[in-house]
Structures are given as C-alpha cells and as structure tokens.
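Residue numbers (full-length UniProt numbering): 1 to 120.
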C-alpha cells in the first residue's frame, strides 16, 4: 500500500490479477459491475506507479491501481496498460476524457483511456 500522508486516504496498489471490483467475477475488470473504473493503455514500459498516480489524481481521488508488470525477463517493467478505480463517477468521466487528440503524453507516448470493461 502507498500512504500519501495523514491528510489522504490509503491507496490500494495491487499485484497483477488481484483487481476485482466488489460484486464481479474473477478476472472481470469493469463494465456494469465495476464502480468508476478506467483502463489506460499505451503506457511506456518505464512507467512507475507514482508517475501514473500523479497524472490521474488530477481527475479525482484514485482508490485502486492495478498496473501489471512483466516479471519474466522484463525486470518488473510495466506491461503497457493499467486499471484504475476512482472514488466518484465524476472523476472517472473526467479521466475518460483524457484520450484522443487532447490526450496527455507519458514518456513520449499518447495515453488512451476508456471505461473499464470497454477495452478491446
């Protein structure tokens, strides 16, 4: 877990495969069952959790982060995608707007964000 200090809530940072919104089946990461979740893709392999969090906390409070890493031969590097869960619907919608022409760049790569369960 990452602690931001006494003024913030505790953020749950999970290992790959553990992110399951309440009331969803194992492996299902969003859709109607997932509350306020987004899927971010096209992340640079060098992305750190703190870097991703600093970008998404501009939208609202992030309550969960699942950024799978490649432990075999990748030395724990990001696999290029992540799921984040927000405290509110408003924050999730703001994060989903971070895509397309106006999408922010992270490590020189354009970020693509969509509601969890919608990615292909």
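All C-beta atoms, glycine included, are put in the ideal place defined by N, C-alpha and C.
Check: The stretch 106-118 in contact with the stretch 60-79 per 3-pair CB rule at 8 Å; Outcome: no
Check: Exposed unless 16 or more other CB atoms sit within 10 angstroms - verdict on residue 64; Outcome: buried
Check: Residue 49 - DSSP class collapsed to helix/strand/coil; Outcome: helix
Check: Spatial neighbours of residue 94 in its chain, beta-carbon cut-off 7 Å, leaving aside the 5 residues before and after; Outcome: 59, 60
Check: Closest by C-alpha distance to residue 82, when choosing among 70, 88, 89, 90; Outcome: 70
Check: Through-space distance from residue 114 to residue 97, alpha-carbon basis; Outcome: 8 Å
Check: Closest Cα partner of residue 99 within the set 68, 66, 45, 56; Outcome: 56
Check: Residue 78 in three-state terms, based on DSSP; Outcome: strand
Check: Proximal residues to residue 123 (C-beta, below 6 Å), its chain only, five neighbours per side dropped; Outcome: This structure gives no information on residue 123, because the portion of the chain shown stretches from 1 to 120.
Check: Reference residue 79, options 85, 54, 68, closest by Cα; Outcome: 68
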